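**Q** Top line first, the protein sequences correspond to chains A and B. Note that the working numbering has the first sequence beginning at 0, numbered continuously upward. Note that the working numbering has the second sequence beginning at 577, numbered continuously upward. For each residue, glycine too, the CB sits at the ideal point set by N, CA and C. The structure displayed is predicted, hence computed values, not measured ones.
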Amino acid sequence: QKEVEQNSGPLSVPEGAIASLNCTYSDRGSQSFFWYRQYSGKSPELIMFIYSNGDKEDGRFTAQLNKASQYVSLLIRDSQPSDSATYLCAGKYNFNKFYFGSGTKLNVKP
Amino acid sequence: EAQVTQNPRYLITVTGKKLTVTCSQNMNHEYMSWYRQDPGLGLRQIYYSMNVEVTDKGDVPEGYKVSRKEKRNFPLILESPSPNQTSLYFCASSLRGLLYEQYFGPGTRLTVT
């Protein structure tokens with residue numbers, strides 16, 4: 000059974016702080032990882048993907064992948080109230096299948 | 577506008593009454609997929625399709641059917657819905673391959689009584 004685990008939260012951070020979201024996965028065959036943001040009642044939207052070990056930065060967002068430890072993280076710098084949402088981590092396996100975590104709810108307090 | 581559309585957006589039905597949720601994309605994507613989202617369980621893949629006439633099971637295919645007769649359409653069929661299929665359903669599409677993101681439809685909230 001391939002699994003992606005996330006802490007459900009909620010994770011509360013003050014405005015302007017760094018939010019750190021983490022995800023672990025069970026299958027070493029997972030080839031790439033995606034972070035999605037989902038506002039309540041809305042569909043998921045992609046923030047970033049990563050497939051190589053190390054860091055990948057895009058604006059205020061940094062994704063980190065450590066294949067040896069089987070974890071993926073997302074850092075959000077200068078967090079804004081508009082970042083308050085549920086963040087979904089997903090692993091892609093065998094080019095075809097996606098496995099999603101249950102999501103971490105982030106609250107950014109003004 | 578590039579998009580994935582789903583219909584209906586909301587549906588309340590009764591146990592055993594066959595229903596179809598349609599999904600259509602206008603991005604010429606080869607890969608399409610259906611998910612259900614339940615509280616505490618996240619998104620779980622029901623079926624996916626790599627291309628026309630090519631479909632395969634995801635993690636939770638029981639009670640569902642799909643077909644892919646045209647590239648743009650990927651309907652989800654519940655032949656005999658049951659209350660445990662009450663959920664929020666998302667259709668998604670992407671280009672084939674390891675790194676391509678999925679674009680999600682707006683979701684269909686299904687209630688089976």
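Can the beta-carbon of A:Tyr24 be found less than 8 Å from the beta-carbon of A:Gln63?
**A** Contact: no.
**Q** Give me the chain B residues within the contact set of A:Phe32, using Cβ-Cβ distance strictly less than 9 Å, ordered along the chain.
**A** Per Cβ cutoff of 9 Å: no residues; A:Phe32 is ~10 Å from chain B at best.
**Q** Take A:Val3 as the anchor and find which of B:Tyr611, B:Arg620 and B:Val590 has the nearest alpha-carbon.
**A** Here the closest residue by C-alpha is B:Arg620.
**Q** Against chain B, which members of the segment 83 to 98 of chain A pass a CB distance test of less than 8 Å?
**A** Listed by position along the chain: Leu87, Ala89, Lys91, Phe94, Asn95, Lys96, Phe97 and Tyr98.
**Q** So B:Leu595 packs on B:Leu654, CB below 8 Å; how close in whole Å?
**A** So it is a contact: roughly 5 Å between Cβ atoms.
**Q** Please report whether the beta-carbon of A:Pro13 lies at a distance below 8 Å from any beta-carbon of chain B.
**A** It does not: the Cβ of A:Pro13 has no partner Cβ on chain B nearer than 8 Å.
**Q** Measure the CB-CB distance between A:Lys108 and A:Pro13 and report whether it falls below 8 Å.
**A** Closer than 8 Å, so yes.
**Q** Count the other CB atoms, across all protein chains shown, that sit within 10 Å of the CB of A:Lys41; report buried if there are 16 or more and exposed otherwise.
**A** Result: exposed.
**Q** Report the residue from A:Ile75, A:Ser81 and A:Phe48 whose alpha carbon sits nearest the alpha carbon of A:Ile17.
**A** For A:Ile17, the nearest C-alpha among the options comes from A:Ile75.
**Q** Measure the alpha-carbon distance for A:Asn106 versus A:Phe32 and round it to whole angstroms.
**A** Going by the C-alpha atoms only, they are around 23 Å apart.
**Q** If you run the structure through DSSP and keep just helix, strand and coil, what is A:Pro9?
**A** Here A:Pro9 sits in coil by DSSP.
**Q** Would you say A:Gln5 and A:Gly102 are within 8 Å of each other, going by their C-beta atoms?
**A** A contact, by the Cβ cut-off of 8 Å.
**Q** Kindly list, in the order they appear in chain B, the residues whose Cβ is closer than 7 Å to that of A:Gly102.
**A** In chain order: Gly618.
**Q** Would you verify that the beta carbon of A:Leu45 is, or is not, closer than 8 Å to some beta carbon of chain B?
**A** Taking Cβ atoms only, chain B reaches closer than 8 Å to A:Leu45, which makes this a yes.
**Q** Quick check on B:Gln661: does DSSP put it in helix, strand or coil?
**A** In this structure, B:Gln661 counts as helix in the three-state DSSP scheme.
**Q** Assuming B:Val597 and B:Leu652 are in contact, meaning their beta carbons sit under 8 Å apart, how far apart are those beta carbons, in whole angstroms?
**A** Right, the Cβ-Cβ distance comes to about 5 Å (below 8 Å), so this counts as a contact.
**Q** Would B:Met608 be called buried (16 or more neighbouring beta carbons within 10 Å of its own) or exposed?
**A** Burial call: buried.
**Q** For a contact defined as C-beta to C-beta under 7 Å, what are the partners of A:Ser42 on chain B?
**A** Per Cβ cutoff of 7 Å: Phe666, Phe680, Gly681, Pro682 and Gly683.
**Q** Taking Cβ positions, are A:Lys96 and B:Gly681 nearer each other than 8 Å?
**A** Not closer than 8 Å, so no.
**Q** Which residues, in chain order, does the segment 625 to 649 of chain B contribute to contact with chain A at a C-beta distance below 8 Å?
**A** Listed by position, the residues of the segment 625 to 649 of chain B near chain A (Cβ gap below 8 Å) are Met626, Asp632, Gly634 and Asp635.
**Q** Spell out whether any CB of chain A is found under 8 Å from the CB atom of B:Gln621.
**A** Yes, contact with chain A.
**Q** Quick one, which of A:Asn52, A:Asn21 and A:Asn65 has its alpha-carbon nearest A:Tyr35's?
**A** Nearest C-alpha to A:Tyr35: A:Asn21.
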